[in-house]
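For the sequence shown, our numbering assigns the number 430 to the initial residue and increments by one for each residue that follows. So the structure is just underneath, and the comments pick up after that.
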Amino acid sequence: MASNITPPGQRLRGALDSGDADEILGKVNDLGIIRRVVGYLTDVKWHLVIGAVGIILRTASNLITPLLVAMATNRIVDKNIDGLTIAVFLYLGVLVLQWVAQYLETLHLSYTAQGILFKMRTTMFSHLHDMSLSFFDHNKIGKLMSRVQNDVDQLQMLVSQDIIMVGVNSITLIGILVIMLTMNWQLALLSLSTLPVLVIIVIIWQKHARKAFILARKAIAMVNDNLQESISGVRVTQNLSREKENVKQFDAVNKANLDANKKSALLQGLINPLTQILTDGSYVIVLIFGGFQVLDGTMPVGFLLAFLLYIQRIGQPIQQLATMYTEIQRAMASGARIFELIDVQPEIEDVPGAKTIVEAKGEVEFKNVCFGYDVGSEIIHSMNLKIKAGEMVAIAGRTGAGKSSIASLINRFYEVTSGEILLDGNNISLITQDSLRRQIGFVPQDPFLFSGTIEENIKDGKLDAGHDEVINAAKIAGAHDIISRMEKGYETMVGERGGSLSPGQRQLVCLARAILADPAILILDEATANIDTNTERIIQQSLYKIAKGRTCIIIAHRLSTITNVDRIIVLDHGNIVETGNHRELMAKKGLYYNMFETLSRTGEDEE
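Okay, here's the thing in structure tokens:
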């Protein structure tokens, strides 16, 4: 299926398009987007067929009614009661057909739209979960949410309503033209004399409208992004007393959104009266010339009435098609943004024939590893490091030394710039991501919990775990006693992002979750950095039980917590400068010694 967003055979990497409207405009290929939407029709094609039949029947019945009105009018003039009765019953029959057809059309095309969008949302959700962390580093969550929510909703309008209206109005327009030309081709051509003017106006209008609608989509994405960021950081905002500054920033993006939508509304408002004026002109022409033909006796009065009804109706589809262009362009712009997101290729993918690791021993080795989050800016330089299976290792260093980067690289959240990382002698780039991460338990500095109960969050480490396994993992983590003292125990709801628990409680639940997974390697990434001293003490007391039988890597924030580990790796600007246990490093009186002494004197942690 050809992409309308990227050149054939290519997929995007990194940040999504942030260019101006003209740049985005060049990527919006209406036919290409429609082709891709059609690709989602597999499961709902019969609903589409039935809906299309409904459109045809409803439109056909709508086209017949003026002829039946003409028939009834002529019978009234002729005082033909039997003919009038037949015309009335035919009219009622056509109305019933129209109602049934409209029901089938609305119901089944709605099913079609919902089926397409269900599949599209699932595709986008799955695709976002496959993306590398570098993708989220370069794309703000608010903009992604705008594509998943606003743009999909806009596309839903296209599939469930706009397509119906385009189908109905197009068939109606063609049908009316054919009927009018058949009835009286001279009068039909006179009535259509204003059509070329209308076409020129619409073409000029479309040129400006298209750009305005894309700008409106970008503007609402910026509003969502600002709103999401402001709400997420509301605690920091209040702490810094910068509410007014945030409101000022939001006002700016909201004003840009208002201006973009005002321009869109202005353009949409112009097309309707212009179309109506030209339609009314055609109506006057038919009334004058047709009226003379009725007076001359060359045209029955019923035919003139039918002709006038068709003129009224021909204006409606033209006006609606022009107006629909607004919504269609909004939907096409949304479709472009949706498929641009779907077309972004994860920077980290399993290679063909990637190896599946069932049970790792836990030996980790870095061989000449270089890494940087951005091109040309390395954080880790030619690192060589070997961590034995079952070893407890701490990684220390000042802020920016590269400690957390090591944890991310072992998880293969990012790809190394050069060199290789081995797990039990296997290059992790040749191991499936799923099986690699099943061997690694990761407890981040900022613990994240999903909405639900404490037990449900712990069971995320092993979805089929029983209640006893959950309790055992919590006991090893030192969380069981704290959880048991809660009113609802393991059934306590944690709230959004775990907000109903304290930072220390969240960290213990995260630790229990990692333990339940029973990984070969456990990484604690500054897991005691933001917790209270009591929780830190609990984790320290549990550490050796946690580390038993597995490799344990501690990214150190508080140096006092790593004095008893097997080995300490000291980093400075992405290089290993010292290695040894606490006693050995203190004896060297190097960087570790200086950091530890500074900590001892100030009573504060080296960050």
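Glycine included, each C-beta is placed from N, C-alpha and C at the ideal position. Values in this document were obtained by computation on a predicted structure and should not be read as measured data.
Between the CA atoms of residue j and residue i - distance to the nearest angstrom
i            : j           : result
residue 846  : residue 691 : 47 angstroms
residue 884  : residue 934 : 13 angstroms
residue 943  : residue 477 : 48 angstroms
residue 872  : residue 641 : 47 angstroms
residue 830  : residue 578 : 39 angstroms
residue 608  : residue 489 : 12 angstroms
residue 1019 : residue 646 : 56 angstroms
residue 900  : residue 553 : 36 angstroms
residue 1013 : residue 574 : 51 angstroms
residue 557  : residue 930 : 28 angstroms
residue 747  : residue 495 : 18 angstroms
residue 506  : residue 513 : 10 angstroms
residue 1028 : residue 999 : 16 angstroms
residue 764  : residue 757 : 10 angstroms
residue 945  : residue 821 : 19 angstroms
residue 1010 : residue 785 : 34 angstroms
residue 986  : residue 917 : 33 angstroms
residue 475  : residue 597 : 19 angstroms
residue 716  : residue 725 : 14 angstroms
residue 550  : residue 774 : 17 angstroms
residue 584  : residue 525 : 32 angstroms
residue 565  : residue 738 : 57 angstroms
residue 677  : residue 560 : 33 angstroms
residue 481  : residue 521 : 23 angstroms
residue 937  : residue 893 : 21 angstroms
residue 781  : residue 555 : 20 angstroms
residue 833  : residue 634 : 54 angstroms
residue 925  : residue 919 : 16 angstroms
residue 718  : residue 617 : 11 angstroms
Neighbourhood of residue i by C-beta, 7 angstroms cutoff - its chain only, sequence neighbours within 5 removed
i           : result
residue 626 : 707
residue 502 : 730, 731 and 734
residue 545 : 466, 469, 470, 473 and 588
residue 530 : 483, 486, 487 and 490
residue 516 : 497, 500, 501 and 504
residue 523 : 490, 493, 494 and 497
residue 436 : In this prediction, residue 436 has a pLDDT of 38, which is less than 50 and means its spatial position is unreliable; what the coordinates show is noted afterwards. Result list for residue 436: empty, nothing under 7 angstroms.
residue 810 : 799, 1003 and 1004
residue 903 : 887, 909, 912 and 941
Supposed contact pair residue j and residue i - C-beta distance, whole angstroms, cut 8 angstroms
i           : j           : result
residue 791 : residue 997 : No, residue 791 and residue 997 are not in contact; Cβ-Cβ is about 18 angstroms, not under 8 angstroms.
residue 777 : residue 862 : 7 angstroms
residue 941 : residue 887 : 5 angstroms
residue 534 : residue 593 : 6 angstroms
residue 411 : residue 762 : The displayed coordinates of the chain run from 430 to 1036. Any statement about residue 411 would go beyond what the structure contains.
residue 789 : residue 868 : 4 angstroms
residue 766 : residue 580 : 5 angstroms
residue 971 : residue 890 : Between residue 890 and residue 971 the Cβ distance is about 16 angstroms, and since that is not below 8 angstroms, they are no contact.
residue 844 : residue 796 : With 8 angstroms as the limit, residue 844 and residue 796 do not qualify as a contact, their Cβ atoms being about 15 angstroms apart.
residue 823 : residue 991 : 4 angstroms
residue 679 : residue 659 : 6 angstroms
Boundaries of the beta strand (DSSP E) in which residue i is found, first to last residue
i            : result
residue 1004 : 1004 to 1009
residue 534  : Where residue 534 is concerned, there is no enclosing beta strand (DSSP E), although the alpha helix (DSSP H) it sits in stretches over 510 to 559.
residue 825  : 821 to 826
residue 812  : 809 to 816
residue 847  : 847 to 852
residue 800  : 793 to 800
residue 984  : 980 to 984
residue 954  : 950 to 954
residue 870  : 869 to 872
Residue i, enclosing alpha helix (DSSP H) - first and last residue
i           : result
residue 999 : No alpha helix (DSSP H) holds residue 999; the beta strand (DSSP E) holding it covers 996 to 1001.
residue 715 : 672 to 725
residue 615 : 614 to 620
residue 836 : 832 to 839
residue 904 : 896 to 906
residue 474 : 474 to 506
residue 884 : 883 to 887
residue 933 : 932 to 945
residue 584 : 581 to 586
residue 912 : 909 to 913
Cutoff 6 angstroms; reference residue i; Cβ partners in own chain excluding five residues on either side
i           : result
residue 711 : 620, 623 and 740
residue 927 : 878 and 935
residue 508 : none
residue 600 : 488
residue 955 : 874, 984 and 986
residue 857 : 841, 850 and 865
Cβ-based neighbour list, residue i, same chain, cut-off 8 angstroms, excluding 5 preceding and 5 following
i            : result
residue 455  : Low local confidence applies: a pLDDT of 48 at residue 455 is under 50, so the model's placement there is unreliable, with the coordinate-based value given in what follows. Excluding residues within five positions, none has a Cβ falling inside 8 angstroms.
residue 1006 : 999, 1000, 1019 and 1020
residue 430  : Since pLDDT at residue 430 reaches only 36, below the 50 mark, its modelled position is unreliable, and no value is offered.
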